[in-house]
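Asks: Okay, so the sequence shown: first residue is 1 according to our numbering, each after it adds one. Ideal Cβ placement from N, Cα and C applies to all residues, glycine included. Please read all numbers here as calculations on a predicted model, not as lab measurements. Submitted below is the structure of interest, expressed as structure tokens.
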Amino acid sequence: MPHRLKLTIIITMILFIIAAVSFGCRDKGYKTENDTEGESKTETTTDTEESVVETDPINGKELNIPVKLENVKTVKIDTAAEHQTIESFGASGAWWAQYVGDWTDLTSDGMEVREYIAQLLFDKEKGIGLTAYRYNIGGGSRGSSKSNISDPWRRAYSFEVEPGVYDWGRDAAAVWFMRRAAELGVIEITMFVNSPLERLTVSGMAHASPSQKDFSNLPRENYEAFADYVLDVAEHFKSEGLPI
């Protein structure tokens, strides 16, 4: 997919989320800061098409977003009833941050594209103010010819040069987004893995081979080495002050 088309899709999705959240809180009976505690609201709608006019929080330009409502039911919300505590609301950096973090082209307002997207995601005033972020510790399929992963956006770097030796300059684009998320107010970063390091797997790849059935791609004898790698990565970034 062309670079500019990917950018357009990502920005459109983020802006639509912001508009949808704003539209839902204002017009659909969800609690906002101005709601009276305990107030119940009921609304009935029918199939309709309308437009939501929102302002781009970063550059101030007006956006006209079409919204189609279909088969809408009557909903009653009691804002005094508490059912759960949501500790955080966040997003995962897989499978985009390792590329989008390199988008240093400038918008028409002179801002780097990656910074524009970061503010839409994490800034509490200009964006949706996400408070959690998930970072993918890669298994090394990016930069390797071993794994049979056709989509380059599904590949991820590892930091390992050799066992116990790391190049922390790898995966710089994805790391940029993780650091920027923390700078903009994210309070919780979760590191996760989709595959162990290629050298630790049964298949020698960041995925199982088609012939593998009913057993893990990580053999028991490599559990400790895999755990050491994950802990080394987590401890490195935690030492930088990131909220791992």
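1) Ends of the beta strand (DSSP E) at Asp78?
2) Taking just the CA atoms, how far does Val75 sit from Ser92?
3) So what's Gln175 in DSSP terms, helix, strand or just coil?
4) Could you pull the DSSP bridge partners for Ile86 from this structure?
5) Where are the beta strand (DSSP E) runs, 3 residues long or more, that stay fully inside the region 134-171, in chain order?
6) What's the C-alpha gap between Leu130 and Arg155?
7) Pick helix, strand or coil for Ala132, following the three-state DSSP scheme.
8) Touch check for the region 212-225 and the region 192-201: three-plus C-beta pairs under 8 Å?
9) Go to Phe192, then tell me how far its beta strand (DSSP E) extends in each direction, as first and last residue.
10) Taking all protein chains shown into account, decide if Lys159 is buried (16 or more other Cβ within 10 angstroms of its Cβ) or exposed.
11) How do the region 205-214 and the region 136-146 stand: do at least 3 beta-carbon pairs fall below 8 Å, yes or no?
12) Does the pairing of the region 97-108 with the region 171-185 give three or more beta-carbon distances under 8 Å?
13) Under three-state DSSP, which class holds Ala225?
14) Ordered along the chain, which non-local residues of its own chain (more than five positions away) have a Cβ less than 6 Å from that of Pro66?
15) Would you call the region 78-87 in contact with the region 108-125, where contact means no fewer than 3 C-beta pairs closer than 8 Å?
16) As a quick exercise: from Lys61, Asn136, Asp78 and Gly140, pick the residue whose alpha carbon is nearest that of Thr107.
17) What are the complete alpha helix (DSSP H) segments, minimum 4 residues, inside the region 102-129?
18) Are Pro57 and Gly139 touching if we call contact CB-CB under 8 Å?
19) Among the candidates Glu162, Phe237, Asn71 and Pro210, whose CA atom is the shortest distance from the CA of Asn148?
20) Can you give me the C-alpha to C-alpha distance between Asp102 and Trp153, rounded to a whole angstrom?
21) Could you give the DSSP three-state label for Glu49: helix, strand or coil?
22) My understanding is that Ile137 touches Val233, with C-beta atoms under 8 Å, so please give their C-beta distance in whole angstroms.
23) Taking the alpha-carbon of Gln119 as reference, which of Asp105, Leu218, Thr79 and Leu184 has the nearest alpha-carbon?
Replies: Answer, in terms of the structure:
1) For the purposes of this step, residue 78 is identified with residue 78 of the sequence shown, where counting begins at 1. Val75 to Asp78 is the span of the beta strand (DSSP E), which, as asked, contains Asp78.
2) Residue mapping note: residue 92 aligns to position 92 of the sequence shown, counting from 1. Residue mapping note: residue 75 aligns to position 75 of the sequence shown, counting from 1. For Ser92 and Val75, the distance between alpha carbons rounds to 31 Å.
3) Residue mapping note: residue 175 aligns to position 175 of the sequence shown, counting from 1. In the sequence under discussion, the amino acid at residue 175 is Val, which differs from the Gln named in the question. Three-state DSSP puts Val175 in a helix.
4) Locating residue 86 in the sequence shown gives position 86, counting from the first residue. Answer is none; Ile86 lacks a bridge partner.
5) Listed in chain order, the complete beta strand (DSSP E) runs (minimum 3 residues) inside the region 134-171 are 160-162.
6) By 1-based counting over the sequence shown, the position of residue 130 is 130. By 1-based counting over the sequence shown, the position of residue 155 is 155. Those two C-alpha atoms are separated by around 25 Å.
7) As a working mapping, residue 132 is identified with position 132 in the sequence shown. Looking at Ala132 - three-state DSSP - the assignment turns out to be strand.
8) Result yes; three or more Cβ-Cβ pairs closer than 8 Å.
9) Counted from its first residue, the sequence shown places residue 192 at position 192. From DSSP, the beta strand (DSSP E) with Phe192 extends over Glu188 to Phe192.
10) Looking up residue 159 in the sequence shown gives position 159. Sequence check: residue 159 is Phe here, not Lys. Its Cβ being crowded by 16 or more others within 10 Å, Phe159 is buried.
11) yes
12) Contact holds: three or more Cβ-Cβ distances are below 8 Å.
13) Here the question's residue 225 lines up with position 225 in the sequence shown. If DSSP states are grouped into helix, strand and coil, Ala225 belongs with the helices.
14) By 1-based counting over the sequence shown, the position of residue 66 is 66. Within the same chain, Cβ atoms closer than 6 Å to the Cβ of Pro66 are found at Ser51, the five residues on either side in sequence being excluded.
15) no
16) As a working note, residue 107 is residue 107 in the sequence shown. With distances taken between Cα atoms, Thr107 lies closest to Lys61.
17) If one requires a minimum length of 4 residues, the alpha helix (DSSP H) runs lying completely within the region 102-129 are 113-122, in chain order.
18) Position 57 of the sequence shown, counted from the first residue, corresponds to residue 57. Position 139 of the sequence shown, counted from the first residue, corresponds to residue 139. Not closer than 8 Å, so no.
19) On the sequence shown, position 148 is the one that residue 148 refers to. The shortest C-alpha separation from Asn148 is found at Pro210.
20) Reading the sequence shown from its first residue, position 102 is the one you call residue 102. Reading the sequence shown from its first residue, position 153 is the one you call residue 153. Those two C-alpha atoms are separated by around 13 Å.
21) What you label residue 49 is simply residue 49 of the sequence shown in a count that begins at 1. The DSSP-derived three-state label of Glu49 is strand.
22) If you number the sequence shown from 1, residue 137 lands on position 137. If you number the sequence shown from 1, residue 233 lands on position 233. So it is a contact: roughly 5 Å between Cβ atoms.
23) Position 119 of the sequence shown holds residue 119. When C-alpha distances from Gln119 are compared across Asp105, Leu218, Thr79 and Leu184, the shortest belongs to Leu184.
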